[in-house]
Amino acid sequence: MSRTERKGSPTPVADLAGLIGQEIGVSRWITVDQARIDAFAEITEDRQFIHIDPVAAAQTPFGGTIAHGFLTLSLLSAMTYDAVPPLEGVVMGVNYGFDKLRFLAPVPAGSNVRGRFKLLSAEDKGPMGGGTRWLLKHEVTVEIEGAEKPALIAEWLGMQVVGS
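Taking this note's numbering, the leading residue of the sequence shown gets 1, the next gets one more, and so forth.
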């Protein structure tokens with residue numbers, strides 16, 4: 001499966017109403033190792049010591065380096081490809097933002113994380129370029145393997161265009 005291929009059978013638009021409030025998928029575990037954290041620090045120019053200096057970070061309450069919150073958040077794209085089947089006939093989809101987002105627990109370097117997706121709403125937003133726009137809102141919980149608290153909880157919006 002390529003990084004942009006969605007897992008699972010396509011979901012017919014007619015089935016969306018019946019899926020609201022249900023968990024629709026869980027992604028694979030993704031390792032957040034120090035190399036990934038260091039690469040994210042370089043690309044974003046966020047080189048705070050708690051992310052990239054294991055010796056200094058060991059002296060903090062975290063006890064070692066932790067992933068950037070935005071690194072964990074950025075993994076939602078990969079997680080959604082794993083966990084959320086596409087809409088039947090989808091032509092394209094775009095990130096539409098967040099209604100809510102909270103970072104609840106740090107992700108220590110070397111941790112595994114995964115996303116758990118629940119469909120909160122699906123709104124027909126009308127025509128676009130020969131198709132129909134659908135605004136989907138998912139509650140996403142990013143779990144840290146072996147931890148009680150999740151790394152983050154978000155209400156994530158995605159706009160999908162379904163061809164006619």
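The beta-carbon is built from N, C-alpha and C at its ideal position, and this holds for glycine as well.
Keep in mind it's a predicted model, so treat the numbers as computed, not measured.
Note the first and the last residue of the continuous alpha helix (DSSP H) segment covering residue i.
i	result
Asp82	Leu76 to Ala83
Arg36	Gln34 to Thr44
Gly18	Leu16 to Leu19
Ile50	Phe49 to Ile52
Between the options, which has its C-alpha nearest residue i's C-alpha?
i	options	result
Val91	Arg47, His138 and Thr132	Thr132
Pro10	Glu139, Val55, Ala83 and Leu120	Ala83
Ser74	Arg36, Gln160, Gly64 and Leu135	Arg36
Ile66	Pro86, Tyr81, Ser111 and Thr80	Ser111
Gly130	Glu23, Leu16, Gln160 and Ile30	Gln160
Ala154	Glu123, Ala109, Arg28 and Phe70	Phe70
Ser27	Ala17, Arg116, Lys137 and Ala151	Arg116
Leu76	Thr141, Gly8 and Arg47	Thr141
Val162	Leu136, Leu104 and His51	Leu136
Asp99	Ile43, Ala122 and Glu139	Glu139
Gly89	Ala39, Gln34, Trp134 and Lys149	Trp134
Gly97	Gly64, Pro85, Asp33 and Trp156	Trp156
Pro108	Arg102, Ile43, Ile144 and Pro86	Ile144
Lys7	Met128, Ala105 and Thr80	Thr80
With DSSP run on the structure shown, which of helix, strand or coil describes residue i?
i	result
Asp99	strand
Leu87	strand
Lys149	coil
Gly93	strand
Ala154	strand
Gly69	helix
Arg3	Only weak support is given to the placement of Arg3: the predicted model assigns it a pLDDT of 42, under 50, and the value that follows is read from those uncertain coordinates. Three-state result, Arg3: coil.
Alpha carbon to alpha carbon, what distance is there between residue j and residue i?
i	j	result
Thr72	Gly126	33 Å
Leu120	Gln22	8 Å
Ala147	Val113	10 Å
Ile20	Leu152	21 Å
Val13	Phe62	45 Å
Pro54	His68	14 Å
Ala58	Asn95	36 Å
By the DSSP assignment, the beta strand (DSSP E) with residue i in it spans what residues?
i	result
Ala122	Ser111 to Met128
Thr60	Where Thr60 is concerned, there is no enclosing beta strand (DSSP E), given that its DSSP letter is neither H nor E.
Val142	Gly131 to Ile144
Can you tell me the Cβ-Cβ gap for residue i and residue j, rounded? I've got them flagged as a contact below 8 Å.
i	j	result
Ile24	Ala78	Contact flag wrong, Cβ pair sits at about 16 Å.
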